[in-house]
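Student: Encoded as structure tokens, here's the structure I'll be asking about.
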Amino acid sequence: TITIMRAPINMIGEAYRKVFLQLIGELKSSSEIYEIKRRFISSTGVLFLLSLFLFLLGGVLLYYSKGWLLGGEWQELPSVYLLLLPWFVLLLTNIPAASLYTVFEKHKFIFYYEIIFMTFRIFSIILPIYFDYNFYSTLISFVLVNVIFNIIYIFYSYVFISKRSGNVKLYG
């Protein structure tokens, strides 16, 4: 079910990633780092708003159609969907950040980040199970880890491209 809910966002995300990678690659080859930063910020913002709108719309539709569309055994799906919503939103929002690391060949950083991220994800599932928490607590733990790591990833990308452009401004 989660895969079905993520399918549309994966298709949009993959299409956007291809276009963004090409654009950033062209800007990098012409040394337009400030333009890369500008595109990173605007793309991240647009993707955040777009994904928030689409997933909230999906949540509303799912909530009002759960009984007649999916049947009685799917009554908990809207609750699970709403818990997963922040993670889904950030899956699309972090595409510009991931593209930056690919174009600037920061594979070592991505490697270490993914190892640490995967370790925390595993613990976010194992620890609640170990302490006999219910399904929702485990799901919340998993989503929180994903949201925190995605926010760090996006923020670190902003700092990275700001340093490259010679203009580090963390706020305002």
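All residue numbers for the sequence shown refer to this note's numbering, where the first residue is 1118 and numbers rise by one. Every residue gets a Cβ at the ideal spot worked out from N, C-alpha and C, and that includes glycine.
Report the three-state DSSP secondary structure of residue 1247 (helix, strand or coil).
Tutor: For the purposes of this step, residue 1247 is taken as residue 130 along the sequence shown, with counting starting at 1. Residue state, collapsed to three classes: helix.
Student: Can you give me the start and stop residues for the alpha helix (DSSP H) that residue 1280 sits inside?
Tutor: For the purposes of this step, residue 1280 is taken as residue 163 along the sequence shown, with counting starting at 1. Run containing residue 1280: 1252-1282, per the alpha helix (DSSP H) assignment.
Student: Cβ atoms of residue 1160 and residue 1103: under 8 Å apart, would you say?
Tutor: What is shown of the chain runs 1118 to 1289, which leaves residue 1103 out entirely.
Student: Taking the beta carbon of residue 1154 as the centre, do at least 16 other beta carbons fall within 10 Å, making it buried, or is it exposed?
Tutor: In the sequence shown, counting from the first residue as 1, residue 1154 sits at position 37. By the neighbour-count rule (16 or more Cβ atoms within 10 Å), residue 1154 is buried.
Student: Cα-Cα, which of 1205, 1165 and 1136 is closest to residue 1125?
Tutor: One-based indexing of the sequence shown puts residue 1125 at position 8. Selected option, being the one with the closest Cα: 1205.
Student: What's the C-alpha gap between residue 1133 and residue 1263?
Tutor: On the sequence shown, position 16 is the one that residue 1133 refers to. On the sequence shown, position 146 is the one that residue 1263 refers to. Using only the alpha carbons, I get a separation of about 21 Å.
Student: With DSSP run on the structure shown, which of helix, strand or coil describes residue 1223?
Tutor: Sequence index remark: in the sequence shown, residue 1223 carries index 106 (1-based). Coil.
Student: Secondary structure at residue 1127, three-state DSSP: helix, strand or coil?
Tutor: As a position in the sequence shown, residue 1127 is number 10, starting the count at 1. Looking at residue 1127 - three-state DSSP - the assignment turns out to be helix.
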